[in-house]
Amino acid sequence: MAVTQREDQKKKTRAALLDAARALLMRGEPLTVTAAAREAGISKASAYRYFSDPALLAAEAGLHLKAAPYEEIIGNAASLRDRLVAISLYFFDLAVTNEAAFRTYLGLNLQASAQAQDGKTPRRGARRIQAFLRALESESDIRPDQARSIAAALGMATGAEAMIALFDIAGLSAEEARALVAETAEAICDRMLP
């Protein structure tokens, strides 16, 4: 099986677990990793490879509900640069609007990472990376390795992690932080786009 097929299957499995968790939450049923696995038709062992902590599963499932579809995120942005900046701002705004939930989720994720017996950091949904890659895949002059590098650079400069750094460390207001996220996304585009 090719690497991309394996990655696609991992994304589908993760999405199925999150969908199952959301369904359980919406029905008011107790959320456990085992219950989500059963709901998704996935083995318990596989489910635990993605989410060993039901609190982390619940936190990510709740955040996943709030994300808009790609087409809505990019709106009417015509150029690749405009789409990439729109994605950056969307995920930053999503983090700011849902600040407490994102902080809780990141805290749970960091705690799970610190307690991991195998030394592996729990994988996260990477919605913003997927959105950046989707925007970049439409450009024939960008190689897949370049697209991954550009998406990683943009992903590092937005979202909840950027919000925390800009608010807690840099002491910026939400407006100042948003402007800096846009400037940083534009600078990354200037530097990395062919």
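Using full-length UniProt numbering, the letters of the sequence shown correspond one by one to residues 1 to 194. The C-beta atom is built at its ideal place from N, Cα and C for all residues, glycine as well.
Excluding five sequence positions before and after alanine 131, the CB atoms of its chain that fall closer than 7 Å to its own CB belong to Tyr70, Ile73 and Ile87, given in chain order. Around proline 30, the same chain offers Leu24 as residues with beta carbons nearer than 8 Å, after the five sequence neighbours per side are excluded. The DSSP assignment places complete alpha helix (DSSP H) segments of no fewer than 4 residues inside the segment 124 to 181 at 127 to 137, 144 to 156 and 159 to 164, in order along the chain. In this model, serine 140 and glycine 28 are separated by some 46 Å (Cα to Cα). Within the same chain, and ignoring the five residues on either side of leucine 133 in sequence, the residues whose Cβ sits closer than 8 Å to its Cβ are Ala147, Arg148 and Ala151. Linking leucine 154 to isoleucine 188 through their CA atoms gives a straight-line distance of about 7 Å. Sequence-distant partners of isoleucine 42 (beyond 5 residues in either direction) whose C-beta falls short of 7 Å from its own C-beta, in its chain, are Thr13, Ala16 and Leu17.
Closest option to aspartate 145, judged by alpha-carbon separation, among Ala174, Ser173, Leu193 and Gln9: Leu193. According to the DSSP assignment, isoleucine 87 belongs to the alpha helix (DSSP H) that extends over 80 to 97.
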